[in-house]
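Quick notes on the structure that follows.
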Amino acid sequence: MPPSVGRLAGLQTLDVRDTAVERLPESFWRIRTLRHVFGHRLILPKRVGDLKNLQTLDTIKPDDKYGWDRNTLAKMINLRSLFVWELSKGHVKPLAAALKNLKHLVTLTIHGDDIPSCVFTSASLRRLEIMELDGKLDMSSESKDIKSCLPNLLLLSLEKTMVSQDFINKLAELPFLAGLTLDVGSYKDEHLAFSPGGFHSLRRLTIDLLELKKLEIHEAALPGLLDFDILDYSDDLEIEIVGESDIVDKLCGEDQNLYKKIKRTPKDGTGC
Numbered sequence: 001m002p003p004s005v006g007r008l009a010g011l012q013t014l015d016v017r018d019t020a021v022e023r024l025p026e027s028f029w030r031i032r033t034l035r036h037v038f039g040h041r042l043i044l045p046k047r048v049g050d051l052k053n054l055q056t057l058d059t060i061k062p063d064d065k066y067g068w069d070r071n072t073l074a075k076m077i078n079l080r081s082l083f084v085w086e087l088s089k090g091h092v093k094p095l096a097a098a099l100k101n102l103k104h105l106v107t108l109t110i111h112g113d114d115i116p117s118c119v120f121t122s123a124s125l126r127r128l129e130i131m132e133l134d135g136k137l138d139m140s141s142e143s144k145d146i147k148s149c150l151p152n153l154l155l156l157s158l159e160k161t162m163v164s165q166d167f168i169n170k171l172a173e174l175p176f177l178a179g180l181t182l183d184v185g186s187y188k189d190e191h192l193a194f195s196p197g198g199f200h201s202l203r204r205l206t207i208d209l210l211e212l213k214k215l216e217i218h219e220a221a222l223p224g225l226l227d228f229d230i231l232d233y234s235d236d237l238e239i240e241i242v243g244e245s246d247i248v249d250k251l252c253g254e255d256q257n258l259y260k261k262i263k264r265t266p267k268d269g270t271g272c
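Using the UniProt record's numbering, you'd call the opening residue of the sequence shown number 1 and step up by one each time.
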């Protein structure tokens, strides 16, 4: 990319996806009119200009040599979509500090070693609708109410997050969550339960957890579910349906072999 791109004073959109461009001239990041930047793991320098008009940043990663600090994204206050790749542990805190100012985010994707817990606890992300996380998420010390921080979340995808049953129970309280993907390494336990009264708006559930040994689904859990996919599972997976549920019909359409793993249990606890 020639340095002259930084002289395009009125530039609003740049799309270098499907190219070999990894780094743009620093002068480019000082174009105040920028609204949308699309690339493939573009290196975002530590120091950028006043990019308050920027709405889309897809996809970026920290500079290996200089990294980021809390000021790198501080002025991007009108970002709607942010996609971060290769987030190392040393950049988690700067990103967490920046997220507190990004009150207009609608889409957030983070891939890295660790994910800042504030993505579920910061009130600044109340407008967030779509979130994709790939990396270790530590929520053990967090006690905040997720549903009050993410009241508008519609779609959530987790991978390598290693979350607990308690965390899944908190997700069940999200009022508008319509799609949930639990991908490889997203869940750390061998027993996953969906209890009554949660996930009222969930329409699609995708599970890809090879280490899972037991999946427990209670009557009145997942009441609005339309599409249920179990992509990969262990040979000794057991699926327990507690009470009356039409979940079995949804599973049947996807994989006949899952029928052999289903156990029905009345609500009084007596197996059948």
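Think of the CB as a built atom: it goes at the ideal place given N, C-alpha and C, for glycine as much as any other residue.
Asked: Neighbourhood of serine 124 by C-beta distance below 6 Å, restricted to the same chain and skipping five residues each side; Found: Lys100, Lys103
Asked: Aspartate 63 to valine 92 span [Cα, whole Å]; Found: 14 Å
Asked: Buried/exposed call for residue 325, threshold 16 Cβ in 10 Å; Found: For the chain, the structure presents residues 1 to 272; residue 325 sits outside this window and is missing.
Asked: Outcome for glycine 90 when other beta-carbon atoms lying within 10 angstroms are tallied against a minimum of 16; Found: exposed
Asked: Backbone CA spacing between lysine 75 and aspartate 50 [nearest angstrom]; Found: 6 Å
Asked: Runs of alpha helix (DSSP H) lying entirely within the segment 74 to 137, each at least 4 residues, in chain order; Found: 92 to 99
Asked: Residue of His218, Phe176, Ile31, Asn257 minimising C-alpha distance to glutamine 12; Found: Ile31
Asked: Pick from Arg17, Ala178, Leu108, Asp236 that is closest to leucine 128, judged by C-alpha positions; Found: Leu108
Asked: Helix, strand or coil at phenylalanine 167 according to DSSP, with G and I counted as helix; Found: helix
Asked: Environment of histidine 218 [buried if 16+ CB atoms lie within 10 Å]; Found: buried
Asked: When Ser27, Ile43, Leu54 are compared against arginine 35, the one with the closest alpha-carbon; Found: Leu54
Asked: Inter-residue CB distance, glycine 135 and leucine 205 (contact presumed, cutoff 8 Å); Found: 22 Å between Cβ atoms; not a contact.
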